[in-house]
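Each residue of the sequence shown is one higher than the last, beginning at 1 in our numbering.
From the three backbone atoms N, C-alpha and C, an ideal C-beta is built for every residue, glycine too.
None of these values were measured; they are calculated from a predicted model.
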Amino acid sequence: MLTVNLNEDEGIVLLEPKGALSKEDFTLVASTVDPYIEKSGKLNGVLIHTKSFPGWDSFGALIKHLSFVKDHHKKVRCVALVTDSAIGGFAEHVASHFISAEVKHFAYDQMYDARNWIRRTTSTHASTA
């Protein structure tokens, strides 16, 4: 199960996995963020908040995840991985080769810092645009 909360005022979506990710989880995320992106053009940030990476419940869920990233990565400015999982640091270094969003890893208890990083980064982008 995945909890999805979109703060439309800031253009930041919070994703909190509670167990292995399913195909339906990515359908839920798309149905939440796509109307916002359609209206505003971009999503300022994605906060992924999980103590440890839950994995996927099927190969189909992994494919749906990769498809979601492929379809959305150019429409997201920042991704904050707020997790104590080792995959957070790994993903921060590898993701820049595959997606256009800035990616940064934070410890699980640094949600406040992660949200502020997205705010600062996107305000810098806005002032230089």
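Contacting residues, own chain, Cβ-Cβ under 6 angstroms from residue i (five flanking each side not counted)
| i | result |
| --- | --- |
| Thr83 | Thr50 and Tyr108 |
| Lys23 | Gly60, Ala61 and Lys64 |
| Pro17 | Leu2, Thr50 and Pro54 |
Beta-carbon spacing of residue i, residue j below 8 angstroms
| i | j | result |
| --- | --- | --- |
| Ile48 | Leu81 | yes |
| Gly11 | Leu43 | yes |
| Thr3 | Arg77 | no |
| His73 | Ile99 | yes |
| Phe68 | Phe106 | no |
| Ser85 | Ser52 | yes |
Of the listed residues the options, nearest to residue i (C-alpha basis)
| i | options | result |
| --- | --- | --- |
| Met1 | Ser31, Pro54 and Lys39 | Pro54 |
| Leu6 | Lys18, Glu24 and Val29 | Val29 |
| Lys39 | Glu8, Asp57 and Gly60 | Glu8 |
| Gly19 | Trp56, Ser31 and Lys70 | Trp56 |
| Asp71 | Gln110, Lys104 and Val33 | Val33 |
| Glu102 | Val79, Ala114 and Leu15 | Val79 |
Residue range of the alpha helix (DSSP H) that includes residue i
| i | result |
| --- | --- |
| Phe59 | Phe59 to His72 |
Cβ of residue i within 8 angstroms of any chain C Cβ
| i | result |
| --- | --- |
| Asp109 | Going by chain labels, chain C is absent from the structure shown, which holds only one protein chain. |
Terminal residues of the beta strand (DSSP E) in which residue i lies
| i | result |
| --- | --- |
| Pro35 | No beta strand (DSSP E) holds Pro35; the alpha helix (DSSP H) holding it covers Lys23 to Ser40. |
| Lys18 | Element bounds for Lys18: n/a, residue is neither H nor E. |
| Ala80 | Val76 to Val82 |
| Ile48 | Leu43 to His49 |
| Phe106 | Glu102 to Phe106 |
Nonlocal neighbours in the same chain, by C-beta distance under 8 angstroms from residue i, ignoring five residues either side
| i | result |
| --- | --- |
| Thr128 | Note that Thr128 scores 46 on pLDDT, short of 50, meaning its location in the model is unreliable; the coordinates nonetheless yield the value given after this. Taken in chain order, the list of residues that qualify is empty. |
| Lys104 | Cys78, Val79, Ala80, Leu81, Glu92, Ala114 and Trp117 |
Cβ-based neighbour list, residue i, same chain, cut-off 7 angstroms, excluding 5 preceding and 5 following
| i | result |
| --- | --- |
| Ala114 | Leu47, Ala80, Val82 and Phe106 |
| Lys75 | Ile37, Lys42 and Leu43 |
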